[in-house]
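**Student:** Supplied in structure tokens, the structure appears directly below.
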Amino acid sequence: MGKTALIVDDSSSMRQMVGFTLKGAGFTVIEGGNGQEALDKLSGAPGGKVDIIITDLNMPVMDGLTFIKQVRTRAMLRFTPILMLTTESQESRKAEGKAAGATGWIVKPFHPEQLLKVIDKVLPA
Amino acid sequence: MNLDMTIFHQAFFEEAADLLAELETQLLRLEEAPNDIELLNTIFRCAHSIKGGSATFGFTDIAHFTHGLETLLDRLRNGQAKVSGELTQLLLESLDQLKSLLAVARGEAASAPNSEPLIARIDAAIADSEGQKPTIAAVAAEPEIANEVQRYVFRFVPNRDVMRQGSDPILMLRNLFEMVEEVQVRCNRSNIPLLNDLDPEACYVSWEMEFNSIHPMTSLLEPFEFVSDECEVSLTAVAGYWEDNAQPVTTIVAAPTLADSAVQEVTAAAASSTAPAAETSVNAAAKMETHTLRVSTDKIDKLINLVGELVINQSMLNEVVQHFEISNLPRLLEAVAAMERASRELQERVMAVRMLPIKHAFGRFPRLVRDLAATCHKKIDLRTTGEETELDKSVIEMIADPLTHLVRNSIDHGLETPEERIACGKNEMGVVSLNAFHEGGNIVVEVSDDGRGLDKDRIYRKAIDRGLISESDPMPPDDVLHNFIFHPGFSTAAKVTDLSGRGVGMDIVKQAVQGLGGAISLSSTPGHGSRFRIRLPLTMAILEGLSLRVGDEVYILPLTSIIESIRPKAGDVRVVAGQTEVAMVRGEVLPLLRLYQFFGVEPVVTEPTRGLLVIVENDGRKIALLVDELIGQSQVVIKSLESNYRKVDGIAGATILGDGRVALIIDVPGLYRNVMPAQPIMSTAA
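The listed protein sequences derive, respectively, from chains A and B. Residue numbering for the first sequence follows my numbering, beginning at 25 and increasing consecutively. Residue numbering for the second sequence follows my numbering, beginning at 34 and increasing consecutively.
This is the structure we're talking about:
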């Protein structure tokens, strides 16, 4: 059965790129432009659940950290892998992200292959 | 998977343009509110997104330039650096640089100014904020152990809460096991509590193992990268192969430093491998650039609903028509009416897809005004209203330049210097307003200032100089006088400045507005300012027109230019000066144009009293067009003649009529250019 990924980023080109990569790898992709939108999308997803979440940290309306904390309060999503998109200038944010409940991170810029590799690392095949 | 990143370039360009516009707006606000944290966050986010996107999609120049900028902005929002006028200037210059770099990336410009001087200034500002030079983290040299079989001892003690972060220890071990062989594992289960005390979501086990691998330590530790902070992960290479009691040679405890340097290495490698490919593809992408338009999803949803309705309508029609009896006629009419309703709404909605708020055109002005205020030493308050008023995308794109000219003109000629204003008893801060609103079926955009107004005497004298009126003529009424400034080469500026006053411009502005099917007018009160008013059609794709017949041909006349149509009585049409035909309409003498002559059509009606005169107006000048008959009013879709044939004088385009025939759309301003000599008609004689 195909897996579902939620991509949360305010940059639509980023969402497109990540989405395209994941669709190529057989994922069903849901997108959200910020944390709040993503939470709404999650509520609408089948069973309120996805297989993996990939989120940016800097977003309007609801930022990534708040979003991750909110996701972890939902029973269906407590163990769902969450990858955050960071840049190398944000070392301290990795720790904040982990504390909020993120599973791992991908450092921007990344290439689609790297993304898939990192996903393999946190998502059972 | 080898993914061609160029397919995302268009999306990135659009997004970057939006981000830059946003950045510009926010930077200008920053001057007024230097301590607004929300503002600083937004500014940071813009730069951050541009950097992330440009790096990902291979625009290394942009990414390189934005890197320092992002750091600086991060300092600003963390309060480590202070907003100053100088810094704002630096940020604005950086913004301009980003625009140039982006233009190069799009293939619109051949080259951009060198980024390095600005980067140096940004770095200096960053260094200032720390009181020291940015330090470059020393990257420890990694032990070179690779490609030879090596025996390792490995210990992994997961944190109890590891699974609550979505991490799966078993998955990590599985990934590790793909790289190793000859594994001996010991699982430590001693920490598992009694069932009563057991938290099913916690991890109580740990592992110790030995294995052989040809992979370097960094690769072996990679599966544990994300948990190395809170879990104990240690990997030790032991000397020799299968040797007992061997001494450890290198022990690496996976600490953040190692994990980070590994990440950095990967990142750098990725950047260098993607860059060349991406660079070469930029030009290719620019060549096949297609114009795209982002549309909100609810606009699309509405379209889809309407299409749904059309499908239902169609099946209704099918049903009625298949078993048609005359008794079913009412149902048929009903179905047709429903279909008509749906298709008309569909048309409106489809047009709405092309509509954008005019703020896309207004967005450039705060910056322009700020810069001009500095150059002219004037104090200016720019006020905009109606930014959300929607206009066709192409109209917005084409109106931006004329608007810019008008705003420059208002600032340069309209507004007085602060000293002059105080002397006149005005507030030293001059006001330039941009207003957009709906009026009838049109959009009106006004550019006004509260400056000195037009100098009527000067325009009058200049008009005499240029031979537009003769010295013996009295001062014409305001509207005629004001119209003179739209004549080519007409400038009353005493001195030519950088900004305007070269005498080119107003005529170009007028042409541009007319080219959009709009009209421009001007009102001015001495001492109180001037107001330019541009009327624009909502869209250029659909035209409200009157269809009329000349000979065997059908023409469409834009409704906006028609004043009335009358059937002349004998004697209303006269010949003056032996050749020019005029029509007398309620005491006005109007030039008469026989359309069949103009278009070279075989006439049916040559006697004016048997045809109709359609009075059209352009620029306050009226002419009477002789046509055979009026057919009716209709909305027509404009098809470009130029792209299918070539430009024809007096014709704005073509359309396809309900019966499948092609009708030409008359270009009224074009008619004037062909028919009337380029001199002002001194309005209503008689």
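Ideal Cβ positions, reconstructed from N, Cα and C, are used throughout, including at glycine.
Taking Pro256 (chain B) as the query, report the chain A residues whose CB atoms sit under 8 Å from its CB, ordered along the chain.
**Tutor:** Near Pro256 (chain B) (Cβ distances below 8 Å), the residues of chain A are Lys145.
**Student:** Would you kindly work out how many angstroms separate the C-alpha atoms of Leu89 (chain A) and Arg219 (chain B), rounded to a whole number?
**Tutor:** Using only the alpha carbons, I get a separation of about 37 Å.
**Student:** Along the chain, where does the alpha helix (DSSP H) that runs through Ser36 (chain A) open and close?
**Tutor:** It spans Ser36 to Gly48 - the alpha helix (DSSP H) in which Ser36 (chain A) sits, taken as one unbroken run.
**Student:** Which residues in the same chain have their Cβ closer than 6 Å to the Cβ of Ala88 (chain B), if we skip the five residues on either side of it in sequence?
**Tutor:** If we look at Ala88 (chain B) and ignore the five residues flanking it on each side, its Cβ neighbours are Ala96.
**Student:** Does any residue of chain B bring its CB to less than 7 Å from the CB of Asn82 (chain A)?
**Tutor:** Judged by the 7 Å Cβ criterion, Asn82 (chain A) is in contact with chain B.
**Student:** Is any beta-carbon of chain A found at less than 7 Å from that of Leu204 (chain B)?
**Tutor:** Chain A, which has a Cβ nearer than 7 Å to the Cβ of Leu204 (chain B), makes this yes.
**Student:** Rounded to a whole number of angstroms, what is the C-alpha to C-alpha distance between Asn677 (chain B) and Glu479 (chain B)?
**Tutor:** Going from the Cα of Asn677 (chain B) to the Cα of Glu479 (chain B) covers about 35 Å.
**Student:** From the beta carbon of Glu48 (chain B), is the nearest beta carbon of chain A less than 7 Å away?
**Tutor:** Yes, because at least one Cβ of chain A sits closer than 7 Å to the Cβ of Glu48 (chain B).
**Student:** Give a yes or no on whether the minimum CB-CB distance between Gly85 (chain B) and chain A is below 7 Å.
**Tutor:** Yes, because at least one Cβ of chain A sits closer than 7 Å to the Cβ of Gly85 (chain B).
**Student:** Would you say Gly125 (chain A) reaches chain B, if we count a Cβ-Cβ gap shorter than 7 Å as a contact?
**Tutor:** Answer yes: the Cβ-Cβ gap between Gly125 (chain A) and chain B drops below 7 Å somewhere.
**Student:** Whose C-beta lies closer than 8 Å to the C-beta of Ala145 (chain B) among residues of the same chain, with five residues either side of it excluded?
**Tutor:** So the qualifying residues of the chain are Asp94, Gln130, Ser133, Leu134, Ala136 and Val137.
**Student:** Using the three-state DSSP reduction, which class does Met508 (chain B) fall into: helix, strand or coil?
**Tutor:** DSSP places Met508 (chain B) in coil when its eight states are reduced to three.
**Student:** Around the Cβ of Asp700 (chain B), are there at least 16 other Cβ atoms within 10 angstroms (buried) or fewer (exposed)?
**Tutor:** The residue is buried, with at least 16 neighbouring Cβ atoms inside 10 Å.
**Student:** For Ser200 (chain B), which residues in chain A fall below 8 Å Cβ to Cβ?
**Tutor:** In chain order: Pro105, Thr127, Gly128 and Val146.
**Student:** What is the residue span of the alpha helix (DSSP H) that Cys220 (chain B) lies within?
**Tutor:** No alpha helix (DSSP H) holds Cys220 (chain B); the beta strand (DSSP E) holding it covers Glu214 to Asn221.
**Student:** Any beta carbon of chain B sitting closer than 7 Å to that of Pro133 (chain A)?
**Tutor:** Chain B, which has a Cβ nearer than 7 Å to the Cβ of Pro133 (chain A), makes this yes.
**Student:** Since Ile656 (chain B) contacts Ile698 (chain B) with CB under 8 Å, what's their CB separation in whole angstroms?
**Tutor:** The pair is not a contact, with the Cβ atoms about 17 Å apart (cut-off 8 Å).
**Student:** Against chain A, does Lys166 (chain B) count as a neighbour if the rule is that its beta carbon must be under 7 Å from one of theirs?
**Tutor:** Confidence is the limiting factor: at Lys166 (chain B) the pLDDT is only 41, short of 50, which leaves the residue's position unreliable, though a coordinate-based value still follows. So no, Lys166 (chain B) is outside the interface.
**Student:** How would you call Cys79 (chain B), buried or exposed, if buried means at least 16 neighbouring beta carbons within 10 angstroms?
**Tutor:** Counting Cβ neighbours within 10 Å, Cys79 (chain B) comes out buried, since at least 16 surround it.
**Student:** From the DSSP output, read off the bridge partner residues of Pro624 (chain B).
**Tutor:** Partner(s): B:Val615.
**Student:** Just mark Cys457 (chain B) as buried or exposed, buried being the case when its beta carbon has 16 or more other beta carbons within 10 Å.
**Tutor:** Label assigned to Cys457 (chain B): exposed.
**Student:** Between Thr269 (chain B) and Tyr185 (chain B), which are expected to be in contact by the criterion C-beta below 8 Å, what is the C-beta distance as a whole number of angstroms?
**Tutor:** Contact flag correct, Cβ pair sits at about 6 Å.
**Student:** Compare the C-alpha of Ala160 (chain B) against each of B:Gln113, B:Ile225, B:Arg600 and B:Cys409 and name the closest.
**Tutor:** The candidate whose alpha carbon is nearest that of Ala160 (chain B) is B:Gln113.
**Student:** Whole angstroms are fine: how far does the CA of Val85 (chain A) sit from the CA of Ser35 (chain A)?
**Tutor:** Distance between the alpha carbons of Ser35 (chain A) and Val85 (chain A) is about 13 Å.
**Student:** List the endpoints of the continuous beta strand (DSSP E) containing Tyr185 (chain B).
**Tutor:** Looking at the DSSP string, the run of the beta strand (DSSP E) that includes Tyr185 (chain B) is Gln183 to Val190.
**Student:** Say whether chain A places a C-beta atom closer than 7 Å to the C-beta of Ala54 (chain B).
**Tutor:** It does not; no Cβ of chain A falls within 7 Å.
**Student:** Is the segment 396–416 of chain B close to the segment 360–380 of chain B, with three or more CB pairs under 8 Å?
**Tutor:** Verdict: no, contact absent.
**Student:** Identify every residue that forms a DSSP beta bridge with Asn245 (chain B).
**Tutor:** Answer is B:Arg184 and B:Glu214.
**Student:** Where does Ala610 (chain B) land, buried or exposed, given buried means 16+ other C-beta within 10 angstroms?
**Tutor:** Counting Cβ neighbours within 10 Å, Ala610 (chain B) comes out exposed, since fewer than 16 surround it.
**Student:** Which residue from B:Arg222, B:Glu214 and B:Tyr588 puts its Cα closest to that of Asn245 (chain B)?
**Tutor:** It is B:Glu214.
**Student:** Can you give the Cα-Cα distance for Gly68 (chain A) and Lys332 (chain B), rounded to whole angstroms?
**Tutor:** Taking the straight line from one Cα to the other gives about 21 Å.
**Student:** Which partner residues does Thr558 (chain B) have in the DSSP bridge list?
**Tutor:** DSSP lists B:Gly562 as partners of Thr558 (chain B).
**Student:** Is the separation between the beta-carbon of Ala696 (chain B) and that of Val587 (chain B) shorter than 7 Å?
**Tutor:** Against a cut-off of 7 Å, the Cβ pair of Val587 (chain B) and Ala696 (chain B) comes out as a contact.
**Student:** When the Cα atoms are used, what is the spatial distance from Ala123 (chain A) to Phe395 (chain B)?
**Tutor:** So the two alpha carbons sit approximately 44 Å from each other.
**Student:** Classify Asp75 (chain A) as helix, strand or coil using the three-state DSSP reduction.
**Tutor:** Reduced to three states, the DSSP call for Asp75 (chain A) is coil.
**Student:** Closest by CA to Gln612 (chain B), which one among B:Glu255, B:Leu448, B:Ile83 and B:Pro624?
**Tutor:** Cα-wise, what sits closest to Gln612 (chain B) is B:Pro624.
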